[in-house]
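In my numbering, the protein residues as written are 20 to 223.
Virtual Cβ for every residue (Gly too), placed ideally from N, Cα, C.
The structure presented is a predicted model; accordingly, all values stated were derived computationally and were not measured.
As structure tokens, the structure follows; a few thoughts come after it.
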Ligand code: SAH
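Encoded structure:
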């Protein structure tokens, strides 16, 4: 499936019904979800994919439509019900787990694809997601607010990982909270592909 075809399918998905600001619930725009999934497919990263904080499921669903076995992990049951409906709507098969990502344990190393809370409402929420992703993954695709490069770089290098790609993009965010003044606005983000060092993979 081409990126544009995937994007058109993803445009059919429902977003959050009652977005919870404390959990920093924002839907990844279809264009960005399709970009990440098609890039991951091309590089050969789509085997078992965990979407941490999957919300209404767009990232897990994108990867599943491109052939991955996708698992979405999310604290909010209401969001997970929409994720389930969304998967059915586009014929994607995904597994969903309702839990705090901080409590997740995984036996096998996976690819993580995530749009974590940016840590604006709850300080360090982005840090704990990245820490969990570094614990369970060989490869990570993660979306952060602009200006996160120094923090991400120092955290990944301490865990034996390296940033292989960094895309600085501007994404359209729909009005989802009453304090948003415009119907949508562009916000600058940084999307990282992070990989475990070769030497750390040896012997696995
Ligand atoms: N991945 C979705 C949603 C991103 S918003 C998308 O790309 O559209 C971040 C999501 O993380 C929200 O759905 C929020 O409910 C969830 N979340 C926040 N803290 C969490 C935690 N500790 N454990 C699991 N999910 C969490």
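At a cut-off of 4 residues, the continuous stretches assigned as alpha helix (DSSP H) that sit fully inside the stretch 133–204 are 144–155 and 168–177. When the Cα atoms are used, residue 191 and residue 25 turn out to be separated by approximately 18 Å.
The secondary-structure analysis by DSSP pairs residue 210 across a beta bridge with 162 and 186. In terms of CA proximity to residue 207, 166 leads the group 166, 216 and 170. Annotation for residue 61: no beta strand (DSSP E) segment contains it, though the alpha helix (DSSP H) segment containing it runs 49–62. Beta-bridge annotation (DSSP): residue 91 is paired with 70 and 115. DSSP, reduced to helix, strand and coil, places residue 33 outside both helices and strands of the structure shown, so it counts as coil. The beta carbons of residue 92 and residue 132 sit about 11 Å from each other, so the pair does not count as a contact at 8 Å. In this structure, residue 78 lies away from residue 188, with their beta-carbon atoms at least 8 Å apart. Cα atoms of residue 210 and residue 96: separation of roughly 27 Å, rounded to the nearest angstrom. The Cβ-Cβ distance between residue 158 and residue 181 does not fall below 8 Å. For the 8 Å CB-CB criterion, residue 99 and residue 82 do not form a contact. Distances from the CA of residue 127 to each of 139, 80 and 154 were compared; the closest alpha carbon is that of 154.
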